[in-house]
Structure formats: structure tokens, C-alpha cells
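S.K.:
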Amino acid sequence: MPDAFLPELLQPLVQALVQGTLLGGYYAIMAVGLSLMVGVVRFINLAHGDMAVLGALLVITLTQGLGLPIFAAILIMLPVMALAGYGMHALLFERAMRGGFLLPILVTIGLGAALQNSMFGLWGSNTRSLGADIGALSWASWTLPGGVLVGQLPVLVCLCAVLVIGSLHLVLRHTRLGRAIKATSTDAEAAELCGVDARRARRAASAIAVGLAALAGVFLAMRGQITPYSGPAQLIFAFEAVVIGGLGSVWGTLVGGIVLGISQSLGGLVSNQASLLTGHLVFLAVLLLRLFREWTAAHGGWRASVRAWTTLHRGRFARRKGEKA
Amino acid sequence: MTTDASRPLLEVSDLHLRYGGLRALDGVSLTVNRRETVAVLGANGAGKSSLIKAIYGVEPFSAGQILFDGVAVSGRSPNQMARAGIGLVPEGRKIFPSLSVEENIRLGAAIGGHDSADVDRVFEIFPELKERRHVQGTLVSGGQQQMIAIGRALMARPRLLLCDEISLGLAPTVVDRLYDVIGDLVAEGMAVLIVEQETNRALKSSERYYCLLEGRVTAQGRSAEADQDEITRAYFGGDHD
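Residue numbers (this note's numbering), protein chains in the order written: chain E, 1 to 325; chain C, 326 to 566.
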């Protein structure tokens, strides 16, 4: 209940901001692997969301089928999925990348479809969740002053996002593999000239990306329900977070995820449908802004760009006027 | 495996390399002995950089053989060459803007090995880099970037250092400093193959030279005995006064 700490009118707004920020943590984990793939490997994996769902289904099988504790199940699943990412890159993505720009897109669309149908064949179409495996954590919350509710699971996920992204930042900055990944993302050919095994760096990046996608999938299944076909929607959110946060930026992905989460939560104040729509509109606005900035940068700043544009159109206008006369 | 100390460290035999229809290397053979600096001279397009790239495994060659310390290393990747003990200071320095000075240097240890002790050694050789270790790699001067490139190659403790146009675009005093460092490395036991357009500088700093023209070795000999006219003819082809 709202109290004197927070005016009644503001309570839903603050609630939406808190929920959106915490939701952003989930989006960030989902997106950071994708950002790594696009930034380092220069490869857009359209099956990224399906990898997340596969990771979640593996954990569901290990916990609900084999009776393993959920933490142990996650610890088993993560290296398996990372290994799958490494192998997939070696066997599939590297060959696809040699086939030009279009082939990787087609290959990952096909991979996504194959994964979805394989998961449907193995696990069926029923919705599944890890909510029951984490007990009260799935619904428990703290009440802040002003009546703002903070879910314990979203807080855990958000903390996990900060931990994951912080660890990735440290790996990229302070380890040999990290430096190799960064150098490869800047200029793979030059990195090879320096003795870096760019192929190994790309495979490692792919392993990290798939592992993190699978972790995000587990959190998705903890927060709600999943089906074998839940992946593509998660891919869209991940893409939006990556674009909003800036391509290839690790911490930017967290910012992107939070901006997307807050946008959706604020949209949710209007209606359920407006929630997703607001997220997409913010993504489009950021995308257009980035394109505009690139365009103006290429034309000597925004003032010069506007001048050039008006001069060009004044000329066209004058010509049209002349034709009419 | 035992190594024969009297045998050249690097033996390149009859190397052929083509870029489509263009013949970049046409039967190049050369040797580099231990503790020796060998210069490869030639004008733009003579095939010098192609030779370095072929030796380091960047460009696949169509025919010929490369032996490093008596072992055939033809067809190996740059990473494998680095592991075998060959370091490269690439043309254009290849400094990564996403990495600091120190990170750029440490990148050379990406192939495995030693790291901290070696980075300290690089900072001993180039103290000015230590002062700027946290600065973005591309924001230091051209000379310091070349020092980073040399330091990075040294991180893997190579036995043979390939230097591609290290004097390009640098002030003479800086070039002198870099060649002094190379001289010290050779005195410590390293072998160096330098590729240069600046003939006098390269001849002054090397024991032997090879001159390339259109992918062929047109002259070779001891640098101290090099005849300027012969070099000029070998460098440009035909008669030049």
C-alpha cells in the first residue's frame, strides 16, 4: 500500500522503474553473448534464443527428470552448452562464414528451426517451468518504503547479470584469451600477424556466448514458462538490448537491457500490449538516432549535414518551381 | 630432438607464391644463421613483404620449402610459427586501439608462455613504454608504436625475429634506436631477418643481404662488402647510373 513516503500517484511509476531495471538484468545476460558474437566473431547467430531454451530444457530434465538439485543441474548444463557452442562454431559457423554474408544467416535460421523441432520432438509442446524447483524464490518479494515491491528472483537475476558482465569484463581485460578475443574483434588479420590464434578466439567467444544464452534461458524458465518455440522472441529482446547498449560493448549491454526493461515496464502501465510495443519503439528510436549520428559524422557534424540537406532540397525545390513556371 | 648448431636456423628453398595471375615470389631461396641479421632489400612490389608473410604462414605458397631449425614448417599457421619460435614485427605495426600499450605487448604472449617476466623485460628494453603502459595503444607516437610491435613479438621469446619495414615513417634517431635494440637482441643469441626499403640503413645493420626484384633474388652477399652499383642494379633492374 502506498504511504507517506511516496505519493500515491508516483507509486506505480517507481514500481515500473524498479521492475524494469531488474528485468533489464535478464535481458543483459541474454544479450551479452549475442553482443560478443556480433562484435568478436562478426557472426549473427539467429538461433541464440533457441540455445537459451535448450539450456533451460536441459536443466528442467536434470532437475525434474533425474532429481538433481537445480544448482548442480546448472553447473552441469553450462559447460555442456559452452562445449556445444565451441563445437557448433568449429563444425558449422566457420564453414558458413566462408560462404559470404547471406549463408551464415540462412544457416542459423535453419539451425534455429532444427533446434525448435528437435526440442519439440524430445520435450513435447507443453509449457515447462523451473518455478517449482526454486520454491518461494519464484514469488517472494521485499516491500520497500512507499509500497514498492521488489521480487527476490529478479534481484538475484540482476545481481547475476552484474556478476556475469563484470567477470566477462575482467576476462576480456586481464587474460590472454580476453586480449586475443579483443584483438580478433578489432582486426582478425592483424591479430593473426601477432601470433594470435584468431580461430580459437572466435570459437571461445562462441562457447561463452552459448553458455551465457543457456544461463539466461534458465532464468527465463525460473521467471515463467517456456516452450520449445520461446526462443525467437528472446532473440528479438536480446538484439534490441545489444543495439540500444551499443554493439560489442559488454557494460553497454547491461545499460541496453535496463533501458529496454524500463521501457517495457513503463509501457505496461498503459496496457499489456503497450509494454512490448514501447520496448520496440525505444529500440527503433535508438537505432534511428545511431544511424543519424553516423550519417552526420560522415558529413562533418550535424550542422554541416543539415546545411547540406537544406541546400540540396532548396535546389530541387527551385528546379521544380522553374519547371512549373 | 637435437639441433645442429652449424645448420642455418632458417632455410627457405625455391619459394613460389602467386596472387592470382601475379607472381609475387619466383623461386626465392635464402638462409638465416643463428645470431645473424640478414637484410632483404627491394623496391615496392619486389616481393619482400610476401616473403615475410610466406615464411610466417600468413600467405600459402604454391611451391618450395621452409625449414626452421631443421624442421619443415611449411603450411603451418602464424600461431604455430609463433609457437615454433618465430616472431613477427608486422608492416604497419598493427597496434590495436581497443588495447592499452601494455595489453598490446601482452598480446604477444597469447600463444602461451611467460607474461609478467617478459613484459618487464620489454619495459627494460623500452622504458618509455612503461611510463605509458595504460595509454591506449594507438595514442602513443609512431616510434613508440613500433617499440610496442617489437616488444609484442619478443613476448613469445622467439629465436628468429622477422621485421617488416620497421623504419617506415620514423625519424632517423628513432630508427637508430630500434636498430640498436635489434643489435642487442642478436648479441643475446637471436637471429633477425629484416625487410627494408632503406638500403643503407639495412646494410649497416646486417651481416648479409639479399636483394629482390619482381619476386627473384637478384643479388646477395655480405653487407660489409656490398657494392652500391651492384645493389642499385639488383634493386631496380637494368642499368642505372
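The beta carbon of each residue, even a glycine, is placed where N, CA and C say it ideally should be.
(1) Measuring alpha carbon to alpha carbon, tell me which residue in E:91, E:12 and E:36 is nearest residue 210 (chain E).
(2) Please report whether the beta-carbon of residue 415 (chain C) lies at a distance below 7 Å from any beta-carbon of chain E.
(3) So, does the CB of residue 179 (chain E) fall closer than 7 Å to a CB anywhere in chain C?
(4) When the cut-off is 7 Å and only beta carbons count, does residue 484 (chain C) lie next to chain E?
(5) Kindly indicate the opening and closing residues of the alpha helix (DSSP H) around residue 15 (chain E).
(6) Closer than 6 Å to a non-hydrogen atom of the ligand MG - does that hold for the CB of residue 244 (chain E)?
(7) For a contact meaning CB atoms closer than 8 Å, what does residue 193 (chain E) contact in chain C?
(8) So, at 7 Å on beta carbons, what are the nonlocal neighbours of residue 237 (chain E) in its own chain, with the 5 sequence-adjacent residues on each side left out?
(9) So, for residue 127 (chain E): in the same chain, excluding its five sequence neighbours on each side, which residues have a beta-carbon less than 8 Å away from its beta-carbon?
(10) Would you mind telling me which residues of chain E sit closer than 7 Å to residue 458 (chain C), beta carbon to beta carbon, in chain order?
(11) Spell out whether any CB of chain E is found under 7 Å from the CB atom of residue 477 (chain C).
(12) Under a Cβ-count criterion, where at least 16 other Cβ atoms within 10 Å of its own Cβ denotes burial, should residue 374 (chain C) be classed as buried or exposed?
(13) Are any of the Cβ atoms in chain C nearer than 7 Å to that of residue 186 (chain E)?
(14) If you reduce the DSSP assignment to three classes, tell me which class residue 1 (chain E) lands in.
(15) Do the region 352 to 370 of chain C and the region 403 to 411 of chain C meet, that is, are 3 or more Cβ pairs less than 8 Å apart?
(16) Thinking C-beta only, is residue 285 (chain E) closer than 7 Å to residue 48 (chain E)?
(17) What do you reckon, are the CB atoms on residue 432 (chain C) and residue 233 (chain E) nearer than 7 Å?
(18) Nearest to residue 451 (chain C) by alpha carbon, out of C:427, C:434, C:463 and C:440?
(19) For chain E, is any of its Cβ atoms less than 7 Å away from the one on residue 490 (chain C)?
(20) Just the C-alpha distance for residue 106 (chain E) and residue 96 (chain E), rounded to the nearest angstrom, thanks.
(21) With DSSP collapsed to three states, give me the class of residue 348 (chain C).
(22) Residue 194 (chain E) bridges to which residues according to DSSP?
(23) Does residue 399 (chain C) get closer than 7 Å to chain E when you measure Cβ to Cβ?
(24) So is residue 31 (chain E) in contact with chain C if we call contact Cβ pairs under 7 Å?
(25) Roughly how many whole angstroms lie between the Cα atoms of residue 255 (chain E) and residue 478 (chain C)?
(26) Quickly, what does DSSP pair residue 535 (chain C) with across the bridge? List them, please.
(27) Identify the contact partners of residue 446 (chain C) in chain E, using a Cβ-Cβ distance below 7 Å as the criterion.
(28) So is residue 239 (chain E) buried or exposed if we call it buried at 16+ other beta carbons inside 10 Å?
(29) CB-CB under 6 Å to residue 282 (chain E), same chain, minus the five flanking residues each way: which ones, in chain order?
(30) Just to confirm my understanding: we take residue 336 (chain C), look at its own chain, exclude 5 residues before and 5 after, and list those with CB closer than 6 Å. What are they?
(31) Look up residue 341 (chain C) in the DSSP assignment and give the residues it is bridged to.
(32) Report the rounded CA-to-CA distance for residue 9 (chain E) versus residue 470 (chain C), giving the unit in angstroms.
(33) Cα separation between residue 566 (chain C) and residue 554 (chain C)?
(34) Taking the beta strand (DSSP E) that residue 411 (chain C) falls in, what are its first and last residues?
(35) Can you tell me whether residue 108 (chain E) is buried or exposed, with buried defined as 16 or more other CB within 10 angstroms of its CB?
(36) Got a sec: is the Cβ-Cβ distance from residue 559 (chain C) to anything in chain E below 7 Å?
M.R.: The short version:
(1) Within the first sequence, numbered from 1, the residue matching residue 210 (chain E) stands at position 210. If we check each option's Cα against that of residue 210 (chain E), E:36 comes out closest.
(2) Along the second sequence, read from residue 1 onward, the residue named residue 415 (chain C) stands at position 90. It does: the Cβ of residue 415 (chain C) has a partner Cβ on chain E nearer than 7 Å.
(3) Here residue 179 (chain E) corresponds to residue number 179 of the first sequence, with the count starting at 1. Yes - at least one Cβ of chain C is within 7 Å of the one on residue 179 (chain E).
(4) For the purposes of this step, residue 484 (chain C) is identified with residue 159 of the second sequence, where counting begins at 1. Taking Cβ atoms only, chain E never reaches closer than 7 Å to residue 484 (chain C), which makes this a no.
(5) As a first step, residue 15 (chain E) is located in the first sequence; it is residue number 15 there, counting from the start. 11 to 36 is the span of the alpha helix (DSSP H), which, as asked, contains residue 15 (chain E).
(6) This structure lacks the ligand MG, and indeed carries no ligand of any kind.
(7) As a first step, residue 193 (chain E) is located in the first sequence; it is residue number 193 there, counting from the start. The answer, in chain order, is 381, 383, 403, 413, 415 and 419.
(8) As a working mapping, residue 237 (chain E) is identified with position 237 in the first sequence. Answer for residue 237 (chain E): 27, 30 and 260, listed in chain order.
(9) Residue mapping note: residue 127 (chain E) aligns to position 127 of the first sequence, counting from 1. So the list reads 225, 226 and 227, once near-sequence residues are dropped.
(10) What you label residue 458 (chain C) is simply residue 133 of the second sequence in a count that begins at 1. Chain E residues near residue 458 (chain C): none, gap ~14 Å exceeds 7 Å.
(11) In the second sequence, counting from the first residue as 1, residue 477 (chain C) sits at position 152. Interface residue, yes.
(12) To locate residue 374 (chain C), count along the second sequence from 1; it is residue 49. Buried, by the Cβ-count rule.
(13) In the first sequence, residue 186 (chain E) corresponds to position 186, counting from 1. With 7 Å as the cut-off, residue 186 (chain E) counts as an interface residue toward chain C.
(14) Walking along the first sequence from the start, residue 1 (chain E) turns up at place 1. Annotation note: pLDDT 48 at residue 1 (chain E) (below 50); position unreliable, no value reported.
(15) no
(16) As a working note, residue 48 (chain E) is residue 48 in the first sequence. As a working note, residue 285 (chain E) is residue 285 in the first sequence. For residue 48 (chain E) and residue 285 (chain E), no; Cβs fall outside 7 Å.
(17) The residue given as residue 432 (chain C) occupies position 107 in the second sequence. The residue given as residue 233 (chain E) occupies position 233 in the first sequence. Not in contact: residue 432 (chain C) and residue 233 (chain E) (Cβ atoms no closer than 7 Å).
(18) The sequence position of residue 451 (chain C) within the second sequence is 126, counting from 1. Here the closest residue by C-alpha is C:427.
(19) Position 165 of the second sequence, counting from 1, holds the residue named residue 490 (chain C). Chain E, which has no Cβ nearer than 7 Å to the Cβ of residue 490 (chain C), makes this no.
(20) Here residue 106 (chain E) is taken as the residue at index 106 of the first sequence, counted from 1. Here residue 96 (chain E) is taken as the residue at index 96 of the first sequence, counted from 1. For residue 106 (chain E) and residue 96 (chain E), the distance between alpha carbons rounds to 9 Å.
(21) Counted from its first residue, the second sequence places residue 348 (chain C) at position 23. Here residue 348 (chain C) sits in strand by DSSP.
(22) Here the question's residue 194 (chain E) lines up with position 194 in the first sequence. Answer by DSSP bridge pairing: none, since residue 194 (chain E) is not bridged.
(23) Reading the second sequence from its first residue, position 74 is the one you call residue 399 (chain C). No, residue 399 (chain C) does not count as interfacial toward chain E.
(24) Here residue 31 (chain E) corresponds to residue number 31 of the first sequence, with the count starting at 1. Taking Cβ atoms only, chain C never reaches closer than 7 Å to residue 31 (chain E), which makes this a no.
(25) Locating residue 255 (chain E) in the first sequence gives position 255, where the first residue counts as 1. Locating residue 478 (chain C) in the second sequence gives position 153, where the first residue counts as 1. Cα to Cα, residue 255 (chain E) sits roughly 37 Å from residue 478 (chain C).
(26) What you label residue 535 (chain C) is simply residue 210 of the second sequence in a count that begins at 1. Its beta-bridge partners are C:365 and C:545.
(27) Translated into the one-based positions of the second sequence, residue 446 (chain C) becomes position 121. Going along chain E, no residue has its Cβ under 7 Å from residue 446 (chain C), so there is no contact; the nearest lies around 17 Å.
(28) The residue labelled residue 239 (chain E) in the question sits at position 239 within the first sequence. So residue 239 (chain E) counts as buried.
(29) To locate residue 282 (chain E), count along the first sequence from 1; it is residue 282. Contacts found: 263.
(30) The count along the second sequence starts at 1 and reaches residue 336 (chain C) at position 11. The answer, listed in chain order, is 356 and 392.
(31) The sequence position of residue 341 (chain C) within the second sequence is 16, counting from 1. DSSP, once it has assigned bridges, lists C:351 and C:388 as partnering residue 341 (chain C).
(32) In the first sequence, residue 9 (chain E) corresponds to position 9, counting from 1. In the second sequence, residue 470 (chain C) corresponds to position 145, counting from 1. Distance between the alpha carbons of residue 9 (chain E) and residue 470 (chain C) is about 59 Å.
(33) Here the question's residue 566 (chain C) lines up with position 241 in the second sequence. Here the question's residue 554 (chain C) lines up with position 229 in the second sequence. Residue placement at residue 566 (chain C) is flagged as unreliable, the pLDDT there being 47, under the threshold of 50; a coordinate-derived value is accordingly withheld.
(34) On the second sequence, residue 411 (chain C) is found 86 positions in, with the first residue counted as 1. Unbroken beta strand (DSSP E) run through residue 411 (chain C): 411 to 414.
(35) To locate residue 108 (chain E), count along the first sequence from 1; it is residue 108. Residue 108 (chain E) comes out buried.
(36) Counted from its first residue, the second sequence places residue 559 (chain C) at position 234. Not one chain E Cβ lies under 7 Å of residue 559 (chain C).
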